[in-house]
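Novice:
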Amino acid sequence: MKRRDEERLNKELLALAANTIRFLAVDMIENAASGHPGMPMGLADVMSVFSAHYSHNPKNPKWLNRDRVVFSGGHGSAMIYALLHLWGYDLSLDDLKNFRKFGSKTPGHPESIVTSGVEVTTGPLGQGFANAAGFALAEKRAQHLLGDAIDHKVWCFCGDGDIMEGVSYEAASFAGHYKLNNLIVVYDCNEITIDGRLDICFSENVGARFRAQGWYTIEIDGHDYEAIDGAFMIAKNQSKPTLIIAKTRIARGSAHLEGSHKTHGAPLGKSEVEASKARAGWSEDSFYIPKDAAHYFSEAVKRGAELETAWKADLEKSGHTRFVNTLTNPDFSKIEFPEFDDKPRATRDTNHAIINAIVKALPGFIGGSADLASSNKTELTGMGEAPEGANIRFGVREHAMSAITNAIAAYGLFFPFDSTFFVFSDYQKPAVRAAALMKAKRFFIWTHDSIGVGEDGATHQPIEQLTAFRALPNFYVFRPADGAENIECWKKALSLDAPSGFVLSRQNLPALDRKEARGGAEKGAYLIAPAKNPKATIIASGSEVSIAIAAQEKLAAEGIAASVVSAPCFDLLCQQDDEYLTTIFDPSSVILAIEAASGAEWFRFADAVIAMESFGASAKGDELYKRFGITADRAVEFVKAMLA
Ligand SMILES: Cc1ncc(C[n+]2csc(CCOP(=O)(O)OP(=O)(O)O)c2C)c(N)n1
Ligand SMILES: [Mg+2]
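Using this note's numbering, read the sequence shown as starting at 3 and increasing by one per residue.
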């Protein structure tokens, strides 16, 4: 990056710029009467230097070769918004004045779908750290596909809280193993968290930990401009990821509260703001931006335009422009989905054939498993290994896996997946929620979806997870009944701008007869086995659809007409209008749902629900279905009782 040395080391200007960040953030927080001034004030010196190192284009926040920057401590949002405004992003002074207000572009914690320039939604500590590792991995894959056209850095700013969270351990281990030397993490080490001094609860040697994980580490005074600049220069030329441990004082520049945990999450208060501004020789005016500071930050606009123009020319010369477009706008109609015959198959197996068909057509499809690829059936045949190839070995690091995959999705070129047993989705949950908040187009592949798992027992048999994920906004859970439905679910999921989860069986399921079927999976549920003038409708998903059909046959033998609705996606079903609902649920029929999970949500549609009311147990899957009453005979009993 072109940068004038005298500007980089103009300490007076850097101090002016830092105070601008500090007091803009402080004024935003006073104005909102809530927020977190400690971090913006403590990190302002680092950010003022960072501003000259950061390669981005504020007028095109999606420029592909921009540096990715992640603020993992989302509570520092006032600092982020102040910077985005100063750099020239689409964030006005009025937006800063609306900080934390309903419908503003400046929510309490940064949200990528609300504010342009915010790469990922952060707030739950540790997520951003792992996202940064994901961006770094995504860049390695992009470099493999596009060569020198991609050569940016990934920056992450994090605090004591992020470092304490387990997910940052997993992600650091992953980044160290894959030698993600494009990753630079700045640890805002103020040794203060909400409850007070860090040493009341945390005393490990963070540098030694990261070095053991394969990182290069540097410790600096986070208020010394030369040291900060020097650390950035060193970090940019490493063969390993770099952790810069910046020793800082929380609320640096506060007249009486510098170093106090009280500044973490509460406004300084009017008199303290006045005293602090007076001590810094700052204007008393709120939202004051000195001209020289404004100029210093807004250089980003000119520099960004130059950087992007030069990059576009280089890309053109490299001949990769079309490939970038292909990756950015994948043509899903190119996928040649497999055709399945009528042999029984586990949906994890049909899914394996489907994801291999997807990757054959579209190089932006990448992903992997948390050490269960052979069980999850997620190997992408012949597609190579990460960081260059499409198969990512996440190791047994489910939480980081999903936060990493969220960032791969946010990178701009890929639509990734990750995978584990459905029961271990509990270990991914915070990242699943983050994916939904970001509307990330990405896929969770969850196999071993029920008590059908069998002898591994209760620890490995999901019960409540389906209900939990169906309750998650912006999230689509697909539980297909067989291979044909599995394909339909993928077609739908690929069309959504939101994350999807595939909940798949370990055990074989029969290929269902669809000759009489009405409708398809795209509405979430459809009549897979309709009956004339049904007295009952049985609704089920996944492995229970064939049980419902068996119940239908038994009822028919007793002269009771029943229809069967297959519901691969509860979330989509909830979006249908009454007109559609009456086509699948005959208004004169009683409705029974059957599912080998907690099933509470089915009461939204059903009069009665057969579901799991306890944990599972160790035995063969078939036996467990009988023991727990997830059977056709029980469905028949229920229907007869409901009609009586
Ligand atoms: C997963 C998670 N747990 C708890 C919180 C609540 N929380 C927000 S900030 C914070 C402490 C942060 O300490 P640090 O990262 O050192 O930030 P600083 O106080 O130095 O700004 C906590 C516990 C959270 N946001 N996310
Ligand atoms: Mg701290």
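All C-beta atoms, glycine included, are put in the ideal place defined by N, C-alpha and C.
If you're wondering where the values come from, they're calculated on a predicted model, not measured in any experiment.
Would you mind listing the alpha helix (DSSP H) stretches within the region 30-115 that are 4+ residues and don't spill past its ends, in chain order?
Specialist: 40-55, 79-89, 95-99
Novice: Could you tell me which uninterrupted beta strand (DSSP E) segments, each at least 3 residues in length, are contained entirely in the region 560-619, listed from first to last along the chain?
Specialist: Listed in chain order, they are 564-568, 592-596, 610-612.
Novice: Is it buried or exposed for residue 287, if we count other Cβ within 10 angstroms and need 16 for buried?
Specialist: The residue in question, residue 287, is exposed, as its Cβ has fewer than 16 Cβ neighbours within 10 Å.
Novice: Have a look at 516, 151, 306, 475 and flag the residue whose alpha-carbon is nearest the alpha-carbon of residue 503.
Specialist: 475
Novice: In chain order, what are the residues with a CB under 7 angstroms from some non-hydrogen atom of ligand 2?
Specialist: 161, 162, 163, 190, 192, 193, 194, 195, 200, 252
Novice: So, for residue 535: in the same chain, excluding its five sequence neighbours on each side, which residues have a beta-carbon less than 7 angstroms away from its beta-carbon?
Specialist: 563
Novice: Let me know the secondary structure DSSP gives residue 190 once reduced to three states.
Specialist: strand
Novice: Starting from residue 448, follow its DSSP beta bridges and name the residues at the other end.
Specialist: 422, 505
Novice: Between which two residues does the beta strand (DSSP E) containing residue 156 stretch?
Specialist: 156-161
Novice: Return the chain-ordered ranges of every beta strand (DSSP E) run that is complete within the region 446-500 and spans a minimum of 3 residues.
Specialist: 478-480
Novice: Could you spell out the range, first to last residue, of the alpha helix (DSSP H) harbouring residue 356?
Specialist: 349-363
Novice: Measure the CB-CB distance between residue 169 and residue 402 and report whether it falls below 8 angstroms.
Specialist: Yes, the pair counts as a contact, with Cβ atoms nearer than the cut-off.
Novice: Taking only three categories from DSSP, how would you classify residue 21?
Specialist: helix
Novice: Would you say the beta carbon of residue 127 is closer than 7 angstroms to some non-hydrogen atom of ligand 1?
Specialist: yes
Novice: If you draw a straight line from the C-alpha of residue 29 to the C-alpha of residue 195, how long is it?
Specialist: 22 angstroms
Novice: What are the boundary residues of the alpha helix (DSSP H) that includes residue 290?
Specialist: From DSSP, residue 290 is part of no alpha helix (DSSP H); its letter is neither H nor E.
Novice: Using three-state DSSP, classify residue 622 as helix, strand or coil.
Specialist: coil
Novice: Between residue 41 and ligand 1, is the CB less than 7 angstroms from at least one heavy atom?
Specialist: True, at least one ligand heavy atom lies under 7 angstroms from that Cβ.
Novice: Could you compute how far the alpha carbon of residue 581 sits from the alpha carbon of residue 572?
Specialist: When rounded, the distance between both Cα atoms is 17 angstroms.
Novice: Starting from the Cα of residue 604, find the closest Cα among 540, 456, 232 and give me that residue.
Specialist: 540
Novice: State buried or exposed for residue 244, treating a residue as buried only when at least 16 other CB atoms are found within 10 Å of its CB.
Specialist: The residue is buried, with at least 16 neighbouring Cβ atoms inside 10 Å.
Novice: Hey, how far is the Cα of residue 3 from the Cα of residue 300?
Specialist: Residue placement at residue 3 is flagged as unreliable, the pLDDT there being 40, under the threshold of 50; the coordinate-derived value follows with that caveat. The straight-line gap from Cα to Cα measures roughly 16 angstroms.
Novice: Kindly identify the DSSP beta-bridge partner or partners of residue 223.
Specialist: 249
Novice: So, under 8 angstroms CB-CB, residue 374 and residue 423 are touching, yes? Tell me the CB distance rounded to an integer number of Å.
Specialist: That belief holds up - the Cβ atoms of residue 374 and residue 423 are roughly 6 angstroms apart, short of 8 angstroms.
Novice: Would the beta-carbon of residue 647 fall within 8 angstroms of that of residue 449?
Specialist: Outside the modelled stretch of the chain, which goes from 3 to 646, sits residue 647, for which no answer is possible.
Novice: Candidates 96, 360, 432, 188: which alpha carbon is nearest residue 495's?
Specialist: Residue 360 is the option with its Cα nearest to residue 495.
Novice: What are the boundary residues of the beta strand (DSSP E) that residue 369 is part of?
Specialist: 369-371
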